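Counting from 271, one number per residue, gives the positions in the sequence shown under my numbering.
Note that CB positions come from ideal geometry on N, CA and C, so glycine has one too.
Note that the coordinates shown come from a computational prediction; the quantities given were computed from them, not determined experimentally.
Below: the structure, in structure tokens.
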Amino acid sequence: MSKSAVSPDLLTIIVTTSPVPSAPSPDLIKNTLCSLPPSISSVPIIITFDNYTIASNDKGRLKKGSVPQVLVDQYPMYIRNVCELFDDVSYLSDDAECSVLSSSSRLATFLLLKNRNGFAFSVKTALNYVQTPYVMILQHDWLFAIHPPMSDLLSILQTETEVRYISFIARMSLNYEISRGHSHSYFHHIFSEARNLRKDRLLSTDLIACLHWFDRPHLCSVETYREIFSLPIVKRGDFIEDTFGIEYIKSMMSSPTKEIAFDQWQKWGAWLYYPENGTIVTVVHQHGRKNLLGEREEEKIQNLIKSNREKHT
271 MSKSAVSPDL LTIIVTTSPV PSAPSPDLIK NTLCSLPPSI SSVPIIITFD NYTIASNDKG
331 RLKKGSVPQV LVDQYPMYIR NVCELFDDVS YLSDDAECSV LSSSSRLATF LLLKNRNGFA
391 FSVKTALNYV QTPYVMILQH DWLFAIHPPM SDLLSILQTE TEVRYISFIA RMSLNYEISR
451 GHSHSYFHHI FSEARNLRKD RLLSTDLIAC LHWFDRPHLC SVETYREIFS LPIVKRGDFI
511 EDTFGIEYIK SMMSSPTKEI AFDQWQKWGA WLYYPENGTI VTVVHQHGRK NLLGEREEEK
571 IQNLIKSNRE KHT
């Protein structure tokens, strides 16, 4: 399995963040960045800081961008602390959508959004600053529990037109092929045909069909995302998996035959990195909308990451 470094001309990491209860500490996003595979340590990174509306109570609804005043007050310091994780940060430009800062030491760009965009439109805005053909989309509260073969996965995206998106196993998608294969009469056929499609190719046993378009960490081409955002499905404030992802799986389930269902899946070519036949957690979710993890919970996650990496090496 290749562990070679990914070229900075090939991939950009897009990290989306917004007001969090752990602010002004940057530890949530720092943990995420520290978990990244070493093979992508030199690629450009873009961090988007979403805007918000001020909540009328002291709780708000962070997922909807409704933020209580206490977090509003902490947000500027959070932004500053995240930027200070990088060296030589300086003001670059300002336009109607965002203020732009950059760091020369890590090819890092920071987008301070002027309106509340939500996850999907934060990604859409970031694409305007991407100069590579591929992106890895990463929310601020996800960790890599193992280091996937990024160079190989990107090679597959480059050379196989049937592969347009690659996501990673989280706890709820362990044994995904088995659990989802029995949940609808068409899904087993899609899994089977997808495996046949990539038989004898690179990582042929480690990629399976993904029946959804998850927001969790994933690889995709810029071209594919521009195509998605040209559709009227995803709107400002939305999550991609709650809109485009739902339409994607509905298109399979509502097909008149299993063959047409497979065609609907293949239209967007979503795959899941599936090491050890789906028994290894690849990405772990931190509780970004809660306070920083307590010591016991953090120790639990770190032990899971350590165990997974030992199994996978």
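Between the beta-carbon of isoleucine 439 and that of tyrosine 446 there is about 7 Å, and that keeps the pair under the 8 Å contact cut.
With respect to threonine 323, arginine 386 sits close: the two C-beta atoms are nearer than 7 Å.
Pairing leucine 477 with isoleucine 284, the inter-Cα distance amounts to about 23 Å. In the structure shown, leucine 303 adopts helical secondary structure according to DSSP, grouped into three states. With contacts defined by Cβ atoms closer than 7 Å, serine 425 and serine 274 do not form a contacting pair.
Assignment of beta-bridge partners to arginine 486 by DSSP yields no partner. Taking each of Phe514, Glu493, Val492 and Thr494 in turn and checking the Cα distance to proline 502, the smallest one comes out for Phe514.
DSSP places phenylalanine 380 within a strand segment (E or B) once states are collapsed to three.
Serine 500 and tryptophan 538 have their C-alpha atoms some 14 Å from each other. Of Val276, Pro291 and Pro545, the smallest CA-CA separation from aspartate 411 is found for Pro291.
Contact check for valine 359 and isoleucine 310: beta-carbon distance about 21 Å, past the 8 Å limit, so the pair fails to qualify. DSSP, reduced to helix, strand and coil, places phenylalanine 509 outside both helices and strands of the structure shown, so it counts as coil. The C-alpha of threonine 302 lies about 10 Å from the C-alpha of histidine 555.
For threonine 282, the secondary structure class from DSSP, reduced to helix, strand or coil, is strand. As for any alpha helix (DSSP H) of minimum length 4 sitting wholly inside the segment 429–457, the runs are 446–451, ordered along the chain.
Looking only at Lys333, Pro296, Asp364 and Glu354, the smallest Cα-Cα distance to glutamine 344 is reached by Pro296.
Boundaries of the alpha helix (DSSP H) around valine 340: 339–353. When secondary structure is reduced to three states using DSSP, valine 393 falls in the helix class. By the neighbour-count criterion, in which a residue is buried when 16 or more other Cβ atoms sit within 10 angstroms of its Cβ, arginine 486 is buried. Secondary structure of tyrosine 495 (DSSP, three-state): helix. Taking 8 Å as the upper bound for CB-CB distance, leucine 408 and valine 551 are not in contact here, some 16 Å apart. Membership of glutamine 536 in the alpha helix (DSSP H) is indicated by the continuous run 528–538. In terms of Cα proximity to valine 342, the closest of Val352, Asn321 and Phe356 is Asn321. By the beta-carbon neighbour count (other beta carbons within 10 angstroms, threshold 16), methionine 522 is buried. Excluding sequence positions up to five before and after valine 553, its CB lies within less than 8 Å of the CB of Trp412, Leu413, Phe414, Ala415, Phe438, Ile439, Ala440, Arg486 and Pro487, all in the same chain and listed in chain order. Between leucine 281 and threonine 395, the gap from beta carbon to beta carbon reaches 7 Å or more. DSSP places leucine 472 in the coil class of the three-state scheme, outside both helix and strand.
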